[in-house]
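Undergrad:
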Amino acid sequence: NAGVTQTPKFQVLKTGQSMTLQCAQDMNHEYMSWYRQDPGMGLRLIHYSVGAGITDQGEVPNGYNVSRSTTEDFPLRLLSAAPSQTSVYFCASSPLPGTGPKEQFFGPGTRLTVL
Amino acid sequence: SQQGEEDPQALSIQEGENATMNCSYKTSINNLQWYRQNSGRGLVHLILIRSNEREKHSGRLRVTLDTSKKSSSLLITASRAADTASYFCATDDSPTDKLIFGTGTRLQVFP
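Residue numbers (this note's numbering), protein chains in the order written: chain B, 11 to 125; chain S, 148 to 258.
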């Protein structure tokens, strides 16, 4: 199993550009999520999904869109990139929580710089 | 706002010493998890403790949970240089299933 994969590893954008960060998992996990990590801020939840066709907002959803058309894929779209979106983005997945989320498996991250 | 906050923000110790990190959270939880992040890498799950548990062990790791104080601690015994990493606690945002991370503790273990 490849686990959770993310592409690209690095990306530089200009302000106003749009792009999609890809995330895929091959563990048949229903729960997937996107976090951003900024220095001194820990990880902040952007969006999450509990299954195909179901998404919801996290702590910092503004400026980002997600969709979940399949169990395996959970792309994150930046609609119009801003310098404030410069960050490291992590995708994670886990089995569907019963009484609370279970162990999350993280991808290696995408380092995004917006100029 | 973030659910969990770790204390201290940074910790430096010598190999062989014990390292203790604390996590405080704000609302009721179903479980609490601890993760490790090596520099430049994704997070790796260490241990999960349920709200009805008070203590859990895994190898050199010992986690305690005090739901009355809304706090947890992670103890790493006999630390090694390879334990150098950032450590995060994470709690589920009951009644939703969101997992919310704290700000982390940066641990440096000197050989």
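Glycine residues also receive a C-beta, built at the ideal position from the N, C-alpha and C atoms.
#1: Using a beta-carbon distance cut-off of less than 8 angstroms, what residues from the segment 36 to 47 of chain B approach chain S?
#2: Are SER219 of chain S and ILE196 of chain S close, meaning C-beta to C-beta below 8 angstroms?
#3: For HIS192 of chain S, decide whether its Cβ has a neighbour in chain B, counting only Cβ atoms nearer than 8 angstroms.
#4: So, with DSSP's three-state summary, where would you put SER159 of chain S?
#5: Exposed or buried, which one is THR120 of chain B when buried takes at least 16 other CB atoms within 10 Å?
#6: How many Å lie between SER28 of chain B and LEU88 of chain B at the Cα?
#7: Checking contacts by CB at 8 angstroms: is TYR74 of chain B closer than that to chain S?
#8: Look up SER148 of chain S in the DSSP assignment and say whether it is helix, strand or coil.
#9: List the residues that DSSP assigns as beta-bridge partners of GLU202 of chain S.
#10: Using 8 angstroms as the threshold, is the C-beta distance between THR17 of chain B and GLN32 of chain B below it?
TA: In short, the structure shows the following:
#1: TYR41, SER43 and TYR45
#2: yes
#3: yes
#4: strand
#5: So THR120 of chain B counts as buried.
#6: 5 angstroms
#7: no
#8: Unreliable placement is indicated for SER148 of chain S, whose pLDDT of 47 sits below 50; no coordinate value is reported for it.
#9: S:THR211
#10: Less than 8 angstroms divides the Cβ of THR17 of chain B from the Cβ of GLN32 of chain B.
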